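Below is one structure, written out as structure tokens; comments come after it.
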Amino acid sequence: MTKPSQPAVFAPWDDPKETPLISFENVSKRFGALTVIDKINLNIYSREFFALLGPSGCGKTTLMRMLAGFEDASDGTIRIDGQDMAGIPANKRAVNMMFQSYALFPHLSVANNLAFGLKRSDMPKSEIQGRVDEMLRLVQLGKYADRKPHQLSGGQRQRVALARALAKAPKLLLLDEPLGALDKKLRQETQFELMDIQEKTGTTFVIVTHDQEEAMTVASRIAVMDEGRLVQVDTADRIYETPNSVYVADFIGDVNIIEGAVDSTEGEHATLRWSEGAAPIRAMASDGISNGSKAAFVIRPEKVAISVEEPKDRHNRVQGSVEDIAYLGNRSTYFVRLPDGSLIKSQVANNRRIKQRLITWEDSVWLSWSDTAGAILPN
Amino acid sequence: MNISKRLLIAVPYLWLLVLFLIPFLIVFKISLSDYAVSIPPYAPTLDLSKGWAAFSELWSGLDAENYWFLTEDDLYWKAYLSSLKIAIISTFLTLLVGFPMAYAMANAPDEWRPSLMMLVILPFWTSFLIRVYAWMGILSNEGLLNQFLMWIGVISDPLVILNTNAAVYIGIVYTYLPFMILPIYATLEKLDHSLLEAAQDLGCTRSSAFWAVTLPLAKPGIIAGCFLVFIPTLGEFVIPSLLGGSKTLMIGKVLWEEFFSNRDWTVASAVAIILLLILIIPIVLFQRNEQKQREAGQ
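Line by line, the protein sequences give chains F and S. The C-terminal position of the first sequence is numbered 379 in this note's numbering, with every residue numbered one higher than the one before it. The C-terminal position of the second sequence is numbered 298 in this note's numbering, with every residue numbered one higher than the one before it.
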């Protein structure tokens, strides 16, 4: 997601002259025989809002804890601002973390929680109160300065945790599932507040989340992780529209996957044989496929058109029968069974009233998509 | 409130009435009576055969003479003060020994904790008296400790420990240690480890995180443990009489001697009532601490 207030497109990762704020060079982490992080190379740039996304156990939290200084890398080098972080303890790093459980000190008031880190920094005593007030204003909690954490609501606690982590003006802020404990509505509001605060303070944020919508909303770039490896690191739109693997396509959003073998490749297009007697699918070719190799065609349901008439102008078209319709208010998803037995989802915006819908259960329909709507990925 | 609920609440009240309040009133009445060479050794006694008149007769026979006696003989207030001193010092010593043990238990690997907890509770399976006698065997001049120290050559003459205040402190710390460890362990075990990480993240070293986070959060457990040791120690009788010497002055011992050696039930009762009044202060403070903890836990 591009930020409207940035004058130009914010993309330091595309600029070879930029030096990264954080760099992982061949970093691995093992706990006994278990490899949690497997030779990761990654650059994160100043002012980025970077998301580590993946299922639980993929190593995203370990990666973050290595930045915070709670875990050491088994192999490789982690640099922050050019400095090798090996052996530097958490309390000596210009990095602060917002914990998943918030980890607010229950015996201290909100103001003293915010002052906790400042009192242990070289900030003169006279300036601490001013900084605490500034942070309270930033998260709009001025009235609650004297409350103890247990007297606050979940959303207020979340903001105290954020303010406390930002109070020392760190170079890098780490957020471990920061919105996980909030209900859905509050979470959505807070996502925008987080982005707002990130922009105001100009701090680099690294967020760990398993919620792909959250990652796509807030992050400038997303790293999709699986079993200790980075599968794809890219902007939200590129991850969604041009996933580099079936894993990423499947993890982010809803997707149709058709497996087969590559029939031919020509330029940026390729064709996939997928079913006896059916015409091969033409789609965008991705790296790593070659003639005859196993591959999968992936396409988002909203890019699959559904019609009663055969769309003769399109190369990719298949006939099937409607097995199910999921009505979601603003849109409907049609589940269409193809002659070879596979089920394809087509999502259509409900521009018309439901009574005027042309297609219903058991209807024979045509599904079609353009040559550029989907991609053929190695499988 | 319906009847069954009232009945349910009535049970503990009845229990307290029969087993605490009535005996307390009897002791209080004896403390206001006069010494008499009779059975029981005080007068007046309630003679219910006289009917209602017996109560007014009893009332006219009661006075606070025994309490005046306690202030006249300095043995008593010295015994109270000495008991307070011994209770405070031994509570502090128990804390000093108990806190590191509770801390180590709370930081031990999960699979060790039940066994460690067992080891703390295990002494309770043996009679308290037997354990105190065992200490006599350890601490006496020819005891295990002196034999061992002489064998390794640290000392040439046996140390005199038994029948001194040192033996009393050792006995009290040993006996009441579980009462200190368990509440502290309970608070430390609940401590969220991420709080310590947060403290380090915000600039604390490991040791300053201990002082800034662990200790303040363990405070309710420390307070509870201190009261649980202090309250019974103040009236302790068995340990000072078995391990202490003739110079060990504790009010529990005085009380016992008044009752059984002097057979002066009236003064003994007065001593007991004053002891209870002294204990009410820490008990009320303890209750308030518990209450506060419960509120904070919500």
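Backbone N, C-alpha and C fix where the C-beta goes; we use that ideal spot for every residue, glycine too. Owing to the predicted nature of the structure, the values given are computational and were not obtained by experimental measurement.
Return the CA-CA distance between residue 1/F and residue 150/F, expressed in angstroms with no decimal places. Reading the first sequence from its first residue, position 1 is the one you call residue 1/F. Reading the first sequence from its first residue, position 150 is the one you call residue 150/F. Note that residue 1/F scores 48 on pLDDT, short of 50, meaning its location in the model is unreliable; the coordinates nonetheless yield the value given after this. Roughly 36 Å between the two C-alpha positions.
- Query: Taking all protein chains shown into account, do 16 or more other C-beta atoms lie within 10 angstroms of the C-beta of residue 6/F, making it buried, or fewer, making it exposed?
  - Reply: As a position in the first sequence, residue 6/F is number 6, starting the count at 1. Caution is warranted here: a pLDDT of 49 is assigned to residue 6/F, below 50, making its placement in the model unreliable, and no coordinate value can be reported.
Does the beta carbon of residue 264/S come closer than 8 Å to any beta carbon on chain F? Here residue 264/S corresponds to residue number 264 of the second sequence, with the count starting at 1. No, because no Cβ of chain F sits closer than 8 Å to the Cβ of residue 264/S.
Residue closest to residue 279/F, alpha-carbon to alpha-carbon, out of 319/F, 124/F, 302/F and 133/F
Locating residue 279/F in the first sequence gives position 279, counting from the first residue. Residue 279/F has its Cα closest to that of 319/F, out of 319/F, 124/F, 302/F and 133/F.
| task | From the DSSP output, in three-state form, read off residue 315/F for me. | result | What you label residue 315/F is simply residue 315 of the first sequence in a count that begins at 1. Residue 315/F falls in the coil class under three-state DSSP.
According to DSSP, simplified to helix, strand and coil, what is residue 6/S?
For this step, residue 6/S is matched to residue 6 along the second sequence. Three-state DSSP puts residue 6/S in a helix.
Rounded separation between residue 10/F and residue 222/S - CA only: For the purposes of this step, residue 10/F is taken as residue 10 along the first sequence, with counting starting at 1. For the purposes of this step, residue 222/S is taken as residue 222 along the second sequence, with counting starting at 1. Using only the alpha carbons, I get a separation of about 55 Å.
Would residue 56/S be called buried (16 or more neighbouring beta carbons within 10 Å of its own) or exposed? The count along the second sequence starts at 1 and reaches residue 56/S at position 56. With fewer than 16 Cβ atoms within 10 Å of its Cβ, residue 56/S is classed as exposed.
| message | Below 8 Å, how does it come out for the stretch 161-177 of chain S and the stretch 197-214 of chain S: are there three or more Cβ pairs, yes or no? | response | no
Q. Interface residues of chain F around residue 83/S at Cβ under 9 Å?
A. Position 83 of the second sequence, counted from the first residue, corresponds to residue 83/S. Ordered by position in chain F, no residue passes the 9 Å Cβ test against residue 83/S, which lies about 34 Å from the chain.
Q. Taking Cβ-Cβ distances below 7 Å as the criterion, which residues of the stretch 209-221 of chain S are in contact with chain F?
A. 213, 216 and 217
Check: What are the residues that DSSP puts in a beta bridge with residue 20/F?
Finding: In the first sequence, residue 20/F corresponds to position 20, counting from 1. Answer is none; residue 20/F lacks a bridge partner.
Query raised in the report: Does any residue of chain F bring its CB to less than 8 Å from the CB of residue 45/S?
Result: Counting from 1 along the second sequence, the entry for residue 45/S is found at position 45. No, its Cβ sits nowhere closer than 8 Å to a Cβ of chain F.
Would you say residue 225/S faces chain F, with C-beta separation under 8 Å as the test?
Taking the first residue of the second sequence as 1, we reach residue 225/S at position 225. Not closer than 8 Å to any Cβ of chain F, the Cβ of residue 225/S fails to qualify, so no.
Less than 8 Å between the C-beta atoms of residue 170/F and residue 289/F, yes or no? Looking up residue 170/F in the first sequence gives position 170. Looking up residue 289/F in the first sequence gives position 289. No. Outside cutoff.
Quiz item: Expressed to the nearest angstrom, what Euclidean distance is found between the alpha-carbon atoms of residue 352/F and residue 366/F?
Solution: Stepping through the first sequence from its first residue, residue 352/F is reached at position 352. Stepping through the first sequence from its first residue, residue 366/F is reached at position 366. Rounded to whole angstroms, residue 352/F to residue 366/F spans 20 Å at the Cα level.
Margin query: If the cut-off is 9 Å on Cβ atoms, which residues from the stretch 105-126 of chain F count as contacting chain S, listed in chain order?
Written below: 105, 106, 107, 108, 116, 117, 118, 119, 120 and 121
| Where do the ends of the alpha helix (DSSP H) carrying residue 113/F lie? | Here the question's residue 113/F lines up with position 113 in the first sequence. Its alpha helix (DSSP H) spans residues 110-119.
Subject >> Contact between the stretch 305-320 of chain F and the stretch 4-22 of chain S (3+ Cβ pairs under 8 Å) >> reply: no
* Beta carbon of residue 101/F nearer than 8 Å to that of residue 29/F -> What you label residue 101/F is simply residue 101 of the first sequence in a count that begins at 1. What you label residue 29/F is simply residue 29 of the first sequence in a count that begins at 1. Not a contact, by the Cβ cut-off of 8 Å.
Original post:
Along chain F, which residues have their Cβ under 7 Å away from the Cβ of residue 201/S?
Top reply: By one-based count along the second sequence, residue 201/S stands at place 201. Per Cβ cutoff of 7 Å: 68, 90, 96 and 97.
Practice prompt. Enumerate in chain order the residues of its own chain whose CB-to-CB distance from residue 385/F is below 8 Å, with the five nearest sequence positions on each side excluded.
Written response: Because chain F is modelled from 1 through 379, residue 385/F falls outside the range shown and cannot be assessed.
Practice problem: Say whether chain F places a C-beta atom closer than 8 Å to the C-beta of residue 195/S. | Solution: Numbered from 1 along the second sequence, position 195 holds the residue referred to as residue 195/S. So yes, residue 195/S belongs to the interface.
> Hey, out of 218/S, 61/S, 132/S and 95/S, whose CA is closest to residue 195/S's CA?
Replying inline: Reading the second sequence from its first residue, position 195 is the one you call residue 195/S. The shortest C-alpha separation from residue 195/S is found at 218/S.
ask   = Shorter than 8 Å from the beta carbon of residue 103/F to some beta carbon of chain S?
value = For this step, residue 103/F is matched to residue 103 along the first sequence. Yes, because at least one Cβ of chain S sits closer than 8 Å to the Cβ of residue 103/F.
Report task. Leaving aside the five residues before and after residue 337/F along the sequence, list all residues of the same chain whose C-beta is less than 7 Å from its C-beta, in chain order. Result -> Indexing the first sequence from 1 puts residue 337/F at position 337. The residues are 320, 321, 323 and 343.
Problem set entry | Beta-carbon contacts of residue 18/F that lie in its chain and below 7 Å, excluding the five residues immediately before and after | If you number the first sequence from 1, residue 18/F lands on position 18. Answer for residue 18/F: 12 and 45, listed in chain order.
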